[in-house]
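Here is the structure we will look at.
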Amino acid sequence: MSKLQILTKGIIKENPSLILVLGMCPTLGVTTSAENGIGMGIATTFVLLLSNIMISLVKGVIPDKVRIPSFIVIIATFVSIVDLLVQGFVPALAESLGLFIPLIVVNCIVLGRAEAFASKNGIFDSMLDGLGMGLGFTLSLFIIGACREILGSGAIFGHKFITGDGILIFVLAPGAFFVLGFVMALVRHIQNRKKSSQLEKR
Amino acid sequence: MCLVLTVISVAAAAGLAAVYSLTKDPIEASQNKKRTEAINQVLPGFSGTTETVKVCLPEDKDSVTLNMAYVDGELFGAAVETYTLKGFGGAFSIMVGFDKDGNILGTAVLNASETPGLGDKINADKSDFSKQFEGKNPLDFMLKVNKDGGDVTPITAATISSRAYCDAVQRAYDSFVLAKKEDSNE
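The listed protein sequences derive, respectively, from chains H and R. Here this note's numbering is used: the first residue of the first sequence is 1, the next is one more, and so on. Here this note's numbering is used: the first residue of the second sequence is 203, the next is one more, and so on.
So, in structure tokens, the structure goes:
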């Protein structure tokens, strides 16, 4: 796999929330607006990047038996660091993401990439993988957040383009499932068409 | 095995301690700033000193923080950091400003996780709901939503949040009355 492929596979081919279906809690929970989606995505990307680097650095010294506890300690540390930094320097973001930043620690993507990639690959590759996965996660959160904001509150990035309320259900929990379902279906559809056209060419 | 996990945990703790000491001051500063801004918002035109008092109503478990505002030693009013446990997304806290007679000067949301698009209209920048309290005195303005026989017009489709908001304002008023009594007894 080339370096570029490692970076880009997380964005579309193995997109964490749309294809791997990992990290559903923030995907459904914080995507009430495009801004929240991007904020959560960036915070997760940061944690992914750091934890992947750190885990690939120490993978040689960690015995197999305490692998998962060690990974969790490392991930939890970086999440707390991000939480403190966001609270200290971007209080506005801390307010809108609130509880969801500490919850990055139980996000399956972070531990999943540590287990599946960083514990088996070199530092640079792990870094690219973390970055790619994080960007893919950010992108899908942004798409879902933007759809929900447009449909639910008739606004984008907080700028209202209709008067009055949107279709409120899209801002509420059920709307998250609707939008996620449709976006997933669309991505799968595009992928399937690509695959079949490739088969025809052969 | 134990050694590795211990070393990792110690290193993690050290790293966290470093970041904590680095961010401690900015976090405190941003919280203080938020509080000062909220006080200015609910006590428009006030410039003087504030004194913090904590009051716990007999029926409550948690106390309410009052910033008693004084101008030249005279009581001007208070900015009360009040809370409610009845919000749709759990507890939330708001600040209510009173003049010395108990008239509401303004209200502001401090910390709430009400539903975006519905309950979060308690925020002044999302709807005019919170503005209806301005200038009212809880003595003759019943802090209950219309449906419950009160004078407050609730947010459409967010009656629970509206009720919770009234509950918080009522708690602020009761605490202020109590604090004022203690203040004049001194």
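Backbone N, C-alpha and C fix where the C-beta goes; we use that ideal spot for every residue, glycine too. Small disclaimer: the values here were computed from a predicted structure and weren't measured.
Name the one or two DSSP bridge partners that residue i has.
{"i": "H/K160", "result": "H/A155"}
{"i": "H/A146", "result": "In DSSP, H/A146 forms no bridge with anything."}
{"i": "R/D301", "result": "R/G279"}
{"i": "R/S295", "result": "R/Y285 and R/N313"}
{"i": "R/G308", "result": "R/G299"}
{"i": "H/K13", "result": "Answer is none; H/K13 lacks a bridge partner."}
{"i": "R/N269", "result": "R/T254 and R/A281"}
{"i": "R/V347", "result": "R/V354"}
How many whole angstroms separate the CB atoms of residue i and residue j, which I take to be in contact at a CB cut-off of 8 Å?
{"i": "R/A310", "j": "R/A360", "result": "Between R/A360 and R/A310 the Cβ distance is about 18 Å, and since that is not below 8 Å, they are no contact."}
{"i": "H/F157", "j": "H/A34", "result": "6 Å"}
{"i": "H/V171", "j": "H/S153", "result": "6 Å"}
{"i": "H/K3", "j": "H/L128", "result": "6 Å"}
{"i": "H/S80", "j": "R/L218", "result": "6 Å"}
With a CB to CB cut of under 6 Å and the five nearest residues on each side skipped, what residues in its chain are close to residue i?
{"i": "R/K288", "result": "A366 and D369"}
{"i": "R/P340", "result": "Y375"}
{"i": "R/K338", "result": "I306"}
{"i": "H/S96", "result": "N36"}
Once the 5 residues before and after residue i are set aside, which same chain residues still bring their CB inside 7 Å of it?
{"i": "R/L312", "result": "A240, E283, S295, I296 and M297"}
{"i": "H/I11", "result": "G132, L135, G136 and L139"}
{"i": "R/K323", "result": "S329, F331, I357 and A360"}
{"i": "R/F343", "result": "D353"}
{"i": "H/L50", "result": "F78"}
{"i": "H/I169", "result": "G175"}
In chain H, what lies closer than 7 Å to residue i by C-beta?
{"i": "R/Y222", "result": "L84"}
{"i": "R/V311", "result": "Residues of chain H passing the Cβ test: none, with the nearest at roughly 10 Å."}
{"i": "R/T286", "result": "Correct list: empty, because the minimum Cβ distance to chain H is about 17 Å."}
{"i": "R/S329", "result": "Correct list: empty, because the minimum Cβ distance to chain H is about 10 Å."}
{"i": "R/P228", "result": "G88 and F89"}
{"i": "R/S211", "result": "V73"}
In chain R, what lies closer than 7 Å to residue i by C-beta?
{"i": "H/T77", "result": "A214, G217 and L218"}
{"i": "H/V61", "result": "V206"}
Give me, in chain order, the residues of the same chain whose beta-carbon lies closer than 8 Å to that of residue i; leave out the 5 immediate sequence neighbours on both sides.
{"i": "R/Y285", "result": "D264, V266, A293, F294, S295, I296, A370 and R373"}
{"i": "R/T254", "result": "T267, L268, N269 and M270"}
{"i": "H/I150", "result": "I156 and G166"}
{"i": "R/V379", "result": "G304"}
Which chain H residues are close to residue i, counting only those with a beta carbon under 9 Å from its beta carbon?
{"i": "R/S232", "result": "Q87, G88, F89, P91 and A94"}
Against residue i, what residues of chain R qualify as contacts under a CB-to-CB distance less than 9 Å, listed in chain order?
{"i": "H/K65", "result": "M203"}
Report the neighbours of residue i on chain R: residues whose CB is nearer than 8 Å to its CB, in chain order.
{"i": "H/S80", "result": "L218 and V221"}
What does residue i reach in chain H if we use C-beta pairs closer than 8 Å?
{"i": "R/L207", "result": "V66, P69, S70 and V73"}
{"i": "R/T225", "result": "L84, L85, Q87, G88 and F89"}
{"i": "R/I324", "result": "Here the premise fails: no neighbours, minimum Cβ distance about 14 Å."}
### Message
Within 8 Å, do at least three Cβ pairs link the stretch 75-90 of chain H to the stretch 103-112 of chain H?
### Response
yes
### Query
If you pair each beta-carbon of the stretch 189-199 of chain H with each one of the stretch 45-63 of chain H, do three or more pairs fall below 8 Å?
no
### Task
Specify whether the stretch 272-280 of chain R and the stretch 227-236 of chain R touch according to this definition: at least 3 beta carbon pairs, one from each stretch, less than 8 Å apart.
no
### Query
Can we say the stretch 140-151 of chain H touches the stretch 20-37 of chain H, given the rule of at least three CB pairs closer than 8 Å?
yes
### Meets three-Cβ-pair contact criterion under 8 Å: the stretch 113-124 of chain H and the stretch 86-102 of chain H
no
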